[in-house]
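Residue numbers (this note's numbering), protein chains in the order written: chain A, 1 to 808; chain B, 1001 to 1119. Yeah, the Cβ is synthetic: ideal placement off N, Cα and C, and Gly gets one too. So the structure is just underneath, and the comments pick up after that.
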Amino acid sequence: MKILSLIVSAIVTIILVLLFNTRMLLPVPLGQLLNPQEGLWQNAEPVDKNYSEQMSFPQLEGKVKVYFDERLVPHVFADNNNDAYFVQGYLHAKFRLWQMEFQTRAAAGRLSEIIGPKALDYDRDKRRLGMVYAAENSLQAIEDDPETLAECNSYTAGVNAYIESLTESTLPVEYKLLGYKPEKWSNLKSALFLKYMALELAGFENDFEATNAKSVFSSADFEKIYPIVMDSLDPIVPKGTVFPSAAIQVKVPSTADSLYYDNKDSTTITEQKPDKDNGSNNWAVGGQKTKSGYPILCNDPHLDLNLPSIWYEMQMSTPSYNAYGVTFPGAPAIIIGFNDSCAFGFTNAQRDVRDYYEIKFNDSSRSKYWFDSTWVPSTYRIEDIKIKGEPDFLDTVIYTKLGPVMYDQKYSGGRSTNHKDYAVRWKAHDRSNELKMFTLLNKANNYGDYLKAIKYLHTPGQNCIFASKSGDIAIWDQGEFPAKWYRQGDFVMPGTDSSYLWQGMIPQAENPHVLNPERGFVSSANQMPADTSYPYYLGGSFPPYRGWEINKRLEAMNNISAQDMMELQTDNFNVFGKMALPILIKNMQVDKLSPQEKRYFNILKRWNLRNDTDSKGATLFVVTWDSLETVIWKDEFLQSGLQLPWPNESTLLDDINKYPDFKFYDDINTLNVETLPDDVTAAFKMATAVIRKADENGKMEWAKYKDTHVEHLARLDAFSRLHLSIGGGLNTINAAKPQHGPSWRMVVSLTPETEAYGVYPGGESGDPGSKYYDDFIDKWAAGKYFRLWMMKSSEVNDKRVKYTMSFN
Amino acid sequence: MKFVISTILIIFFSFLGCLFFPWWIIGIVAFIIPTLIYQDHFVSFICGFISLFMLWGFLSFWISLKNEHILAHRVSLLIFKTDNPFLLIFATAFIGALVAGFAALTGSYVRKEKQQTNF
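Listed below in structure tokens is the structure:
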């Protein structure tokens, strides 16, 4: 009897231990996770934690001191540049290791290793696009440049110094929850991080959908639905600027009419896409327009809003430079910021540098492909995708002269079957060393230095903005961009003939740019960089409205202060609403509206054109316009049975203004012939049906309806910040969409003593158990800024210094 | 008296053990102590249970208090879908307590077996 009790009790104990020690229920044993001495409790850092520390590393040549201010922003003072990069790597790892590792694994198509088969399609997409191939090419360029190589080596050594110091209990909490461990860092991982950004910024693509649209619509209709130039365009280079003629004369292939423009083939490819609005605002005003008489530079890059933030703020000071700004955890140098002489920033150039070619293979073995009238042997790259809990997935990717065959019979990107082979030519595959640009910008003293620096930027193309204390303001639409003939690469191209390849790159000096213009400011907001007088085809997809509004406002402003610039950066005026609302009001068939709809219509009519947090009119406008697009386009689009690119909202507005009898007004599913007023009224009824529900739930005010949130990278709601009260959105300067928007707002007044302000929606620590995890978010949402402190080495006893780390 | 001494020993050695071994060392500690200091089975179970409930409960509570419950708010939401730091503290204490309780019970049965064979 006693023996039996013993056995039962022992079995229960063992079962309990196994239960709390298994990885079957959760990715990580519950006992281990909750053990207060090594589990997640160890990530709950005391709110009064002291970060001061003394460390010694043989890799360092001199001494480095890091002073943390009250926001935990580190001010790094190093005896030499490479030591500074070592400490930058160390700090990135200490505060952001999980995200930098996660993002580089994502870039390399290795998420299945940690989260299992559900990430397989994501991984295959990255492998087939050649992300690792691209990073390897970048790494070669880094290794060819001794300065960049030394910088990367130091950075990597710093990251690894921290990784080696980790114990089970000091691992970032995400590793504990997902049940895996960090790998050693490498220069290739930094290169992969930059490709991750290149994909975000220069990876958006509509070629397959556009090819389908070309197969469905007449070319006249196509030009109306997908025009190149928008009516509201106010380009980066002011209209009327005279450009020299093109140094590269591109030749349209002789077969283009039959094989390209009039080709009616369609495709079944479904692409994974970055956010189409990965954009940004930046502008710089010259001293003649400012109160102080010195330039002011402003930048707010619009990216996915994530926690931990893509940005990590810091100051880096060495005998050869002193720079402050935001950095990318995963790469060395300051990315957007300022030094003692100038300031620099970026917006996305939105140029199309990713094209597809249809490849003709010999047979199902695909050992040869037809190119310029010969059979060329294929080369193969075997992608070994490790999957958690399952055998590896082997994917063979064929590399051609045109690029890797991304889509084929085995991979269509979605569920549909595909029998064609498409190779991708992506500019990010080419060898280039973008890091060098940041290194040089950090040290830049003047316009000449800036110009030398930005020549290293090939991909992703950016509008690089610059202002200096000496009074220069400038912007370059910079990148290495292919010179294209009209509509080249907007659709899938034939891949059997070299006449369809990119025929050359636009010489850097011919990139659109502006230096110290008459009007006293330079700006960009992802609009088309120049009008059609620019001698090269610009293609792409450019939103016109933010740029239009920014230019109009800057034009009218004088005696500008930093405060004025902050107000402009967070302005909620919806310029698109100003242009489009009269159309809705004029065409509404009020007599067809119910009493409730009439009440809503009155709110819409009285809307003050601002996307403020409590605006009900903004919600009505946005939802009505979306509905109008649906009413006008959806019938024809559905009928095609193909995936088509959804037209830009600027297009519909322009079409309405230009074509009173636009044939798309008619709903092809009815016997009647609908007109614009019919469509506007139908759209409004559709919109109010949605809004009524929101209204009943108390969510009709714009901020509540839009529901902006900053989401944890692993999509854990508990680690995210939800339901933020912030206005703005698409087509407002304050471009805060639901999970996308101003990821770093910066205003730098280049007075002799720099006066700078900034804020990002996050916090310096990546640990969800730290009070520094999300402590900037409320300030960001409220449109407020922190004064940025460019610390001097003489200020070590300043009361703002909270903690000191010493490295030697 | 035995109860108090056993409790103190289990708490002390569990804490020490977790510095060097995985979490399940608490089961071994809670098993060994009652084989050395015999108590009634039920009392042994309570003793093991309370020891770890106190140890893990106190440790997690103390850590969380100094953290102003920032992490516990978030993780309780993640695991239990309710925002309650004390639920996470309780779960931590309870898991430790359950394992230690049954381990101690097993230990007390082993001790009893040994005594019987000795006499």
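- Interface criterion not met: the Cβ of residue 28 of chain A is under 8 Å from no Cβ in chain B.
- Using a CB distance cut-off of 8 Å, residue 1060 of chain B counts as an interface residue toward chain A.
- Only 3, 5, 6, 9, 10, 12, 13, 16, 17 from the stretch 3-19 of chain A bring a Cβ to less than 8 Å from some Cβ of chain B.
- The stretch 495-510 of chain A and the stretch 242-260 of chain A touch, with three or more beta-carbon pairs separated by less than 8 Å.
- Membership of residue 377 of chain A in the beta strand (DSSP E) is indicated by the continuous run 374-377.
- Here the C-alpha atom of residue 746 of chain A lies approximately 7 Å from the C-alpha atom of residue 756 of chain A.
- In the DSSP assignment, residue 688 of chain A falls within the unbroken alpha helix (DSSP H) covering 676-696.
- Rounded to the nearest whole angstrom, the C-alpha separation of residue 42 of chain A and residue 1080 of chain B is 19 Å.
- The beta-carbon of residue 1109 of chain B is placed less than 8 Å from the nearest beta-carbon of chain A.
- Proximity of residue 1063 of chain B to chain A, defined by a Cβ-Cβ separation below 8 Å, is satisfied.
- Taking 7 Å as the upper bound on Cβ-Cβ separation, chain A lies near residues 1022, 1023, 1024, 1027 of the stretch 1020-1040 of chain B.
- Three or more beta-carbon pairs separated by less than 8 Å are not found between the stretch 210-229 of chain A and the stretch 138-156 of chain A, which leaves the two stretches without contact.
- Inclusion of residue 358 of chain A and residue 421 of chain A in the CB contact set at 8 Å is warranted, their separation being smaller than that value.
- Under a criterion of Cβ atoms nearer than 7 Å, the residues of chain A adjacent to residue 1106 of chain B are, in order, 6, 9, 10, 13.
- Your pair residue 688 of chain A and residue 549 of chain A does not check out as a contact, with CB atoms roughly 28 Å apart and the cut at 8 Å.
- With a 10 Å radius around the Cβ and a threshold of 16 neighbouring Cβ atoms, residue 1046 of chain B comes out buried.
- Residue 441 of chain A sits buried, since 16 or more C-beta atoms from the chains shown fall within 10 Å of its C-beta.
- Along the stretch 766-782 of chain A, going in chain order, the ones with a CB nearer than 9 Å to a CB of chain B are 767, 768, 769, 770, 771, 773.
- Using a CB distance cut-off of 8 Å, residue 70 of chain A does not count as an interface residue toward chain B.
- Under the three-state reduction of DSSP output, residue 217 of chain A falls in the coil class, being neither helix nor strand.
- Residue 605 of chain A and residue 197 of chain A have their C-alpha atoms roughly 42 Å apart.
- About 6 Å separates the Cβ atoms of residue 234 of chain A and residue 547 of chain A, confirming a contact at the 8 Å cut-off.
- Taking 8 Å as the cut-off, the Cβ atoms of residue 276 of chain A and residue 428 of chain A do not count as close.
- For the stretch 237-253 of chain A, the set of positions with a beta-carbon nearer than 9 Å to some beta-carbon of chain B is empty.
- The alpha-carbon of residue 460 of chain A is positioned some 36 Å away from that of residue 793 of chain A.
- Between residue 679 of chain A and residue 665 of chain A a beta carbon distance of about 6 Å is seen, short of the 8 Å cut, so the two are scored as contacting.
- In the structure shown, residue 725 of chain A adopts coil according to DSSP, grouped into three states.
- The C-beta separation of residue 1104 of chain B from residue 1053 of chain B comes to about 12 Å, leaving the pair out of contact by the 8 Å criterion.
- Here residue 1036 of chain B is exposed: its Cβ has fewer than 16 other Cβ atoms, across all protein chains shown, within 10 Å.
- Secondary structure at residue 481 of chain A: coil, using DSSP grouped into helix, strand and coil.
- Under the DSSP assignment, residue 805 of chain A falls in the beta strand (DSSP E) whose first and last residues are 803-807.
- At a cut-off of 8 Å between beta carbons, residue 1012 of chain B makes no contact with chain A.
- Looking at the DSSP output, residue 298 of chain A sits in a beta bridge with A:283, A:747.
- Going by DSSP, residue 758 of chain A is part of the beta strand (DSSP E) stretching over 755-759.
- Beyond the five residues adjoining it in sequence on each side, residue 1076 of chain B comes within less than 7 Å, by CB distance, of 1082, 1083, 1084, 1085, 1087, 1088 in the same chain, given in chain order.
- Between residue 662 of chain A and residue 655 of chain A the beta-carbon gap is near 5 Å, inside 8 Å, which marks them as a contact.
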